[in-house]
Amino acid sequence: YGQRRKTGNVNFKIDAPQLNLIASCTPGYLAGTMPEGAWDMGFLSRTLLIFSNESVKRSLFTEVPLQKKLMADLEHDLQIIFNLYGKITFTEEAATMIDRWQMAGGPPVPDHPKLANYNTRRTAHLIKIAMVCCAATGDNLIVSAQHVDAALTYLLEAEQLMPDIFKAMAIGGDAKAMKECWHFVYGIFMKENKPIIEARIIDFLRERVPVQ
40 YGQRRKTGNV NFKIDAPQLN LIASCTPGYL AGTMPEGAWD MGFLSRTLLI
90 FSNESVKRSL FTEVPLQKKL MADLEHDLQI IFNLYGKITF TEEAATMIDR
140 WQMAGGPPVP DHPKLANYNT RRTAHLIKIA MVCCAATGDN LIVSAQHVDA
190 ALTYLLEAEQ LMPDIFKAMA IGGDAKAMKE CWHFVYGIFM KENKPIIEAR
240 IIDFLRERVP VQ
């Protein structure tokens, strides 16, 4: 990457630049800010989407002890990982596993239409995750079959839940109004046990959906 300016003596040059980003948001935020066409472009095809709708409940009054040794070990490992640099190589067995998986079409392949462009880069994602697994277990910069096997497990686990992101993104606009309307009608029917007049439904919806 290079950038040159006539003023200020600016002349930047970065060989083989790479950008890594970890970010989080709700599916609703993603739906509101990401244009529909973005799913057919390069940025999201290079993005691993991790989804979870798990709700973790913790006691408000139980004091969790600080694990000082664990924190120290993590800090130590991160310092070593931070200082790793150089070429990463693959053992013959690891390279064969990746090549065989790619040539077979990368089964199982996500079938959601919005992941069509993502599917073209799954091998690259697998290799990058294998490199992360390598850095997490040692500093010799050699990806083994064990790293590839772990990376494939992580990748397929993430991909299994990816389609749920789009289901969660759809909870808005008309879909949200439909669910609220169903809840409204169901509540009235359970109380009155008789058909609901159409005018009551229209009156409920007119404050929640556009006139068209």
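According to my numbering, the residues represented by the sequence shown are 40 to 251, in order. Built from N, CA and C at the ideal position, the CB exists for glycine as well.
request  = Report yes or no: do three or more beta-carbon pairs, one from the segment 112-125 and one from the segment 58-75, lie closer than 8 Å?
outcome  = Too few Cβ pairs lie closer than 8 Å, so no.
query = CA-CA distance, ASN92 and ILE53?
reply = For ASN92 and ILE53, the gap between their C-alpha atoms comes out near 40 Å.
query = Can you check whether the CB of PHE90 is closer than 8 Å to the CB of LEU194?
reply = Contact: no.
Reduced DSSP secondary structure (H/G/I, E/B, other) of THR128 = strand
query = From TRP221, ALA174, LYS218, ALA209, pick the residue whose C-alpha is nearest to that of ILE119; which is it?
reply = ALA174
request  = Determine, using beta-carbon pairs with one atom in the segment 180-190 and one in the segment 125-144, whether at least three such pairs fall under 8 Å.
outcome  = yes
message = Is it buried or exposed, SER94, if we count other Cβ atoms within 10 angstroms and call 16 or more buried?
response = exposed
ask   = Where does GLN118 fall in DSSP's three states?
value = helix
Neighbourhood of ASN156 by C-beta distance below 8 Å, restricted to the same chain and skipping five residues each side = TRP78, ASP79, MET80, GLY81, LEU83, SER84
query = What residues in its chain sit with their C-beta under 6 Å from that of PHE129, if we drop five residues either side in the sequence?
reply = VAL182
request  = Identify, in the order they occur along the chain, each residue of the same chain with its Cβ nearer than 6 Å to the Cβ of GLN42, setting aside the five sequence neighbours on each side.
outcome  = PHE51
ask   = Among the residues of its own chain, which have a CB less than 7 Å from the CB of PRO66, if the five just before and after it don't count?
value = ILE204, ALA207, MET208
query = Counting pairs of beta carbons, one from the segment 141-150 and one from the segment 158-175, are three or more of them closer than 8 Å?
reply = yes
Secondary structure of LYS233, DSSP reduced to three states = In this structure, LYS233 counts as coil in the three-state DSSP scheme.
ask   = Which residues mark the beginning and the end of the beta strand (DSSP E) in which GLY177 is found?
value = Note, GLY177: premise wrong, no beta strand (DSSP E); not H, not E.
query = What three-state label does DSSP hand VAL148 in the structure shown?
reply = Note: VAL148 maps to coil in three-state DSSP.
task = For ALA197, collect the residues of the same chain with a Cβ closer than 7 Å to its Cβ; drop the 5 residues on either side in sequence, then sort them by chain order.
result = The answer, listed in chain order, is LEU87, ILE89.
inquiry  = Check this for me: beta carbons of GLY145 and ARG161, under 8 Å apart or not?
reply    = yes
request  = Could you tell me whether the Cβ atoms of HIS151 and PRO74 are closer together than 8 Å?
outcome  = no
inquiry  = I need the straight-line Cα distance from ALA169 to ASP178, nearest angstrom please.
reply    = In a straight line, the C-alpha of ALA169 is about 14 Å away from that of ASP178.
query = Would you say ASP213 and VAL248 are within 8 Å of each other, going by their C-beta atoms?
reply = yes
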